[in-house]
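Structure first, commentary second.
Residue numbers (full-length UniProt numbering): 1 to 181.
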């Protein structure tokens, strides 16, 4: 794998940070390339060297976080639900600006859909509707129910500006997952 120039990474990080900051101030539709340029302290041309437009920048930022969460699922495959959820809530905490913007505001419904689909995909491998407490339940219905509840609780956590610590959130969500999956 070729090594990426640190200047490129620094520029891309500045642009990602700029778009999140600007989204906290105004609607994504109202953000211009000039706004991004000014906030990130780069030229408009530099933005176009890295991204097709502001939508491409946001899409790449969303995909980056979804990919990290997906990789965390693979890493956590041998952990119980509480430990696995703690990995996610620590990541949410470290990337609070991004997740609060994507989940606490209605500015990026695309992210919510991607997040929900990731959870559905991951939980599909976890449920057992053949025996036990979920016997004879419809697998799709159960997975969608649990995934939607998870997304809803995480949205609540961000919307209410973290009313409990990420440790408590992980413990409670992990316990609920263990009871329902």
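Think of the CB as a built atom: it goes at the ideal place given N, C-alpha and C, for glycine as much as any other residue.
Query: Taking the Cβ atom as the reference point for each residue, do residue 84 and residue 174 lie within a distance shorter than 8 Å?; Result: yes
Query: With distances taken between CB atoms, is the gap from residue 95 to residue 65 smaller than 8 Å?; Result: yes
Query: Measuring straight from C-alpha to C-alpha, what distance separates residue 163 and residue 72?; Result: 24 Å
Query: Can you check whether the CB of residue 57 is closer than 8 Å to the CB of residue 15?; Result: yes
Query: Which ranges would you report for the alpha helix (DSSP H) in the region 73–147 if only whole runs of at least 4 residues count?; Result: 81–94, 96–99 and 109–124
Query: Should residue 100 be labelled buried (16 or more other beta-carbon atoms within 10 Å of its own) or exposed?; Result: buried
Query: Between the C-alpha atoms of residue 168 and residue 32, what's the straight-line distance to the nearest angstrom?; Result: 39 Å
Query: Compare the Cα-Cα distances from residue 87 to each of 68, 97, 7 and 103 and report the closest residue.; Result: 68
Query: Look at the alpha carbon of residue 24 and the alpha carbon of residue 18, and state the distance between them as a whole number of angstroms.; Result: 10 Å
Query: Less than 7 Å separating the Cβ of residue 13 from some heavy atom of the ligand COA?; Result: The model on display carries no ligand, and the ligand COA is accordingly not part of it.
Query: At what residues does the alpha helix (DSSP H) containing residue 20 begin and finish?; Result: 6–25
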